[in-house]
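Position one of the sequence shown corresponds to residue 1 (our numbering), numbered consecutively onward.
Using N, Cα and C, we set each Cβ at its ideal position, and we do this for glycine too.
Note that the coordinates shown come from a computational prediction; the quantities given were computed from them, not determined experimentally.
Read through the structure below, which is laid out as structure tokens, and then see the notes.
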Amino acid sequence: MHTICQPAGEESLRRAAALLREGQVVAFPTETVYGLGADALNEGAVRAIFAAKERPADNPLIVHVADRGQLEGLCEVTDIAEKLMDAYWPGPLTLLLKKTDRVPDVTTAGLPTVAVRCPNHPVALALIRESGLPIAAPSANRSGRPSPTAAAHVYEDMQGRIPMILEGGSCRVGVESTVLDVSGDVPCILRPGAITQDMIARVAGDCTLAPSIMRPLREGEHAPSPGMKHRHYAPRARMTIFVGDDEKVVKAICERYDAAEGGWILAQDRCLPALGERRCLSLGRDAQEGARLLFQRLRELDEKNAAFILAQGWEAEGDALAVMNRMARAAAFDMIQL
Ligand code: AMP
Ligand code: MG
């Protein structure tokens with residue numbers, strides 16, 4: 001299959017929407033990462049997403065809508081969900097709601113709930129509106145690869161597998177949406193994203209975190225969100241994360257780096273001078289910039305054939321939780337607290 005890449009514009013949006021209505025798969029930008037979209041209510045179309053991504057069939061997809069009206073007939077919107085949508089839609093907040101029979105089981109991997117989100121990106125919104133469909137869309141990477149934050153990353157992974165990629169620049173947030181379980185009295189974050197625990201608690205009164213956000217699932221432990229049990233975001237090289245005082249982190253990273261050949265460092269801007277001539281890529285000035293840069297950096301390190309990666313992390317809390325959740329998985333939880 002030939003894959004065309006086109007900047008999002010009136011003409012290309014019409015073409016992409018027509019493909020979606022035919023049951024085909026189209027990649028498009030959102031504020032979090034690029035998505036691999038298809039008609040959420042068309043079983044064959046949704047299967048084509050799983051095939052293009054080589055995604056395990058037990059990992060459900062997020063259904064993207066352009067406004068709340070589009071949820072009508074798809075799921076039961078509770079009062080608390082309503083309040084959270086008022087506060088954070090459009091935006092990087094995915095809500096799990098009880099699904100109706102109209103949503104096929106392939107979309108939700110057989111679960112009784114459907115994940116729904118309204119993306120805050122003009123191209124995503126225009127595409128959903130133009131197609132008139134709720135769009136099921138996971139991240140547009142091949143399973144196990146870092147999520148794509150630019151159209152070129154999608155092309156690397158999806159070339160020859162899908163008919164079209166809509167280009168819309170680099171993604172502003174850079175990590176996937178917050179996934180929130182709102183079925184209980186207190187909402188629970190299953191996957192951290194740019195909408196933080198505090199932001200949810202402010203609206204919902206309280207908010208908890210799923211226990212496995214910063215550690216691997218234990219043998220036999222139930223995965224509240226099926227995506228958490230799969231290997232994720234892995235660079236080819238082994239990665240170790242160092243968290244703590246700048247000075248201690250720099251010292252520990254330099255010792256490891258100097259003791260072997262072929263290493264690369266990921267560090268925050270203020271520490272770069274202290275790392276001298278060592279091979280290094282920036283994770284920006286703060287956790288938000290780190291989130292925006294992380295997946296791109298992991299792809300760059302694969303290209304550079306890094307033998308091992310030493311990364312400076314943040315304390316896994318507040319707005320750094322999202323980026324640290326991804327980094328920890330990329331490092332197979334090899335983290336050193338200094
Ligand atoms: P991605 O589409 O790559 O951003 O992944 C979607 C994430 O949402 C995965 O981690 C899924 O496991 C999670 N998810 C989607 N639907 C559900 C659901 N009904 N219940 C729990 N988690 C879900
Ligand atoms: Mg993904």
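Next item on the list: Just the C-alpha distance for D198 and V323, rounded to the nearest angstrom, thanks.
Entry: Your numbering for residue 198 matches position 198 in the sequence shown. Your numbering for residue 323 matches position 323 in the sequence shown. Taking the straight line from one Cα to the other gives about 16 Å.
Notebook entry, point to check: Looking at I62 and the ligand AMP, is the gap between the Cβ and the nearest heavy atom below 8 Å?
Noted result: Working through the sequence shown from its first residue, we reach residue 62 at position 62. Indeed, a heavy atom of the ligand AMP lies less than 8 Å from the Cβ.
Note to self: On a Cα-Cα basis, can you pick out the residue from E54, R297, S177 and V33 that is closest to G284?
What the structure shows: Counting from 1 along the sequence shown, the entry for residue 284 is found at position 284. Of the candidates E54, R297, S177 and V33, the residue whose Cα lies closest to the Cα of G284 is R297.
Item checked: Length of the line joining the Cα atoms of P148 and A274 -> Within the sequence shown, the letter at position 148 stands for residue 148. Within the sequence shown, the letter at position 274 stands for residue 274. Taking the CA atoms as reference points, P148 sits about 31 Å from A274.
Next item on the list: Indicate whether the contact test is met: 3 or more Cβ pairs, each with one atom in the segment 90-108 and one in the segment 168-183, closer than 8 Å.
Entry: Note that the segment 90-108 touches the segment 168-183; at least 3 beta-carbon pairs, one per stretch, sit closer than 8 Å.
Notebook entry, point to check: Below 8 Å, can you find three or more Cβ-Cβ pairs linking the segment 74-90 to the segment 203-213?
Noted result: Enough Cβ pairs lie closer than 8 Å, so yes.
Next item on the list: Report yes or no: do the segment 35-48 and the segment 131-138 share at least 3 C-beta pairs separated by less than 8 Å?
Entry: Counting C-beta pairs closer than 8 Å gives three or more between the segment 35-48 and the segment 131-138, which meets the contact rule.
Next item on the list: Run the CB neighbour count on L71, radius 10 Å, all protein chains shown included, and call it buried at 16 or more, exposed below.
Entry: Within the sequence shown, the letter at position 71 stands for residue 71. Looking at its Cβ environment, which holds 16 or more other Cβ atoms inside 10 Å, L71 is buried.
Notebook entry, point to check: L310 lies in the beta strand (DSSP E); which residues open and close that run?
Noted result: What you label residue 310 is simply residue 310 of the sequence shown in a count that begins at 1. Under the DSSP assignment, L310 falls in the beta strand (DSSP E) whose first and last residues are F308 to Q312.
Note to self: Does L266 come out as helix, strand or coil in the three-state DSSP assignment?
What the structure shows: The count along the sequence shown starts at 1 and reaches residue 266 at position 266. In this structure, L266 counts as strand in the three-state DSSP scheme.
Check: Can the beta-carbon of T30 be found less than 9 Å from the beta-carbon of L61?
Finding: Within the sequence shown, residue 30 is the residue found at index 30, counting from 1. Within the sequence shown, residue 61 is the residue found at index 61, counting from 1. In this structure, L61 does not lie closer than 9 Å to T30 by Cβ.
Check: Based on the DSSP output, what are the partners of T178 in its beta bridges?
Finding: By 1-based counting over the sequence shown, the position of residue 178 is 178. Under DSSP, the beta-bridge partners assigned to T178 are L93.
Checklist line | Expected contact under 8 Å - CB spacing of V26 and A16 to nearest Å | finding: Counting from one through the sequence shown, the residue named residue 26 turns up at place 26. Counting from one through the sequence shown, the residue named residue 16 turns up at place 16. 5 Å between Cβ atoms; contact.
Note to self: Let me make sure I understand the geometry here. Which of E176, A124 and P146 has the alpha-carbon closest to that of I165?
What the structure shows: As a first step, residue 165 must be located in the sequence shown, where it is residue number 165. When only C-alpha atoms are compared, the closest one is A124.
Notebook entry, point to check: Just reading off the alpha helix (DSSP H) that I49 is part of, what are its end residues?
Noted result: Against the sequence shown, residue 49 aligns to sequence position 49. Looking at the DSSP string, the run of the alpha helix (DSSP H) that includes I49 is E43 to K53.
Margin query: Would you say the beta carbon of N42 is closer than 8 Å to some non-hydrogen atom of the ligand AMP?
Written below: Working through the sequence shown from its first residue, we reach residue 42 at position 42. N42 Cβ: outside cutoff for every heavy atom of the ligand AMP.
Next item on the list: Return the chain-ordered list of same chain residues with a C-beta closer than 7 Å to the C-beta of I128, the five sequence neighbours on each side being excluded.
Entry: Walking along the sequence shown from the start, residue 128 turns up at place 128. The beta carbon of I128 sits closer than 7 Å to those of H64, V65, A66 and I135, all from its chain and outside the five residues before and after it, given in chain order.
Next item on the list: Please report how far the alpha carbon of W314 lies from the alpha carbon of F308, in whole angstroms.
Entry: Numbered from 1 along the sequence shown, position 314 holds the residue referred to as residue 314. Numbered from 1 along the sequence shown, position 308 holds the residue referred to as residue 308. Each residue's alpha carbon lies about 20 Å from the other.
Check: Taking Cβ positions, are C188 and L217 nearer each other than 9 Å?
Finding: Position 188 of the sequence shown holds residue 188. Position 217 of the sequence shown holds residue 217. Cβ distance not < 9 Å, so C188 and L217 don't count as in contact.
Item checked: Contacts around E261, its chain only, beta-carbon distance under 8 Å, and the 5 residues preceding and following it disregarded -> The residue labelled residue 261 in the question sits at position 261 within the sequence shown. Counting only Cβ-Cβ distances below 8 Å, and skipping sequence neighbours, we find A307.
Next item on the list: Starting from the C-beta of Q337, find all residues in its chain whose C-beta is less than 8 Å away, skip the five residues before and the five after it, and write them out in chain order.
Entry: Walking along the sequence shown from the start, residue 337 turns up at place 337. So the list reads V243 and G244, once near-sequence residues are dropped.
Next item on the list: Take V173 and list the residues in its own chain whose beta-carbon comes closer than 6 Å to its own, dropping the five residues that flank it on each side.
Entry: Position 173 of the sequence shown holds residue 173. Here the set comprises E31, T32, P92 and A194.
Notebook entry, point to check: What residue from L266, Q288, T3 and D58 has the CA that sits closest to S282's CA?
Noted result: Counted from its first residue, the sequence shown places residue 282 at position 282. Between S282 and the set L266, Q288, T3 and D58, the nearest pair of CA atoms involves L266.
Next item on the list: Could you tell me which residues DSSP puts in a beta bridge with K98?
Entry: The count along the sequence shown starts at 1 and reaches residue 98 at position 98. For K98, which the question treats as bridged, DSSP gives the partners T113.
Item checked: Nearest candidate by alpha-carbon position, reference E76, set N59, A57, E54 and D101 -> In the sequence shown, counting from the first residue as 1, residue 76 sits at position 76. It is D101.
Item checked: Separation of G35 from A18, as counted between CA atoms -> Taking the first residue of the sequence shown as 1, we reach residue 18 at position 18. Taking the first residue of the sequence shown as 1, we reach residue 35 at position 35. A18 and G35: Cα-Cα distance of roughly 17 Å.
Note to self: Strictly closer than 7 Å from CB to any heavy atom of the ligand MG: give me those residues in the order they appear in the chain.
What the structure shows: My final list is P138, S139, N141, S147, E176 and G227.
Item checked: Bridge partners - H64, DSSP secondary structure assignment -> To locate residue 64, count along the sequence shown from 1; it is residue 64. In the DSSP output, where bridge partners are listed per residue, H64 has R117 and I135.
Next item on the list: Could you round the C-beta distance between Q6 and E167 to whole angstroms and report it? I think they count as a contact, below 8 Å.
Entry: As a first step, residue 6 is located in the sequence shown; it is residue number 6 there, counting from the start. As a first step, residue 167 is located in the sequence shown; it is residue number 167 there, counting from the start. Right, the Cβ-Cβ distance comes to about 6 Å (below 8 Å), so this counts as a contact.
Next item on the list: Have a look at E277 and A115 and give me their C-alpha separation to the nearest angstrom.
Entry: Counted from its first residue, the sequence shown places residue 277 at position 277. Counted from its first residue, the sequence shown places residue 115 at position 115. Near 46 Å, if we compare the C-alpha coordinates of A115 and E277.
Margin query: What does the Cβ neighbour count give for N120, buried or exposed, with the cut at 16 atoms within 10 Å?
Written below: Here residue 120 refers to the residue found at position 120 of the sequence shown. Answer is buried; the Cβ neighbour count reaches 16.
Check: Between which two residues does the alpha helix (DSSP H) carrying F28 extend?
Finding: Here the question's residue 28 lines up with position 28 in the sequence shown. Here F28 belongs to no alpha helix (DSSP H); instead the beta strand (DSSP E) covers V26 to F28.
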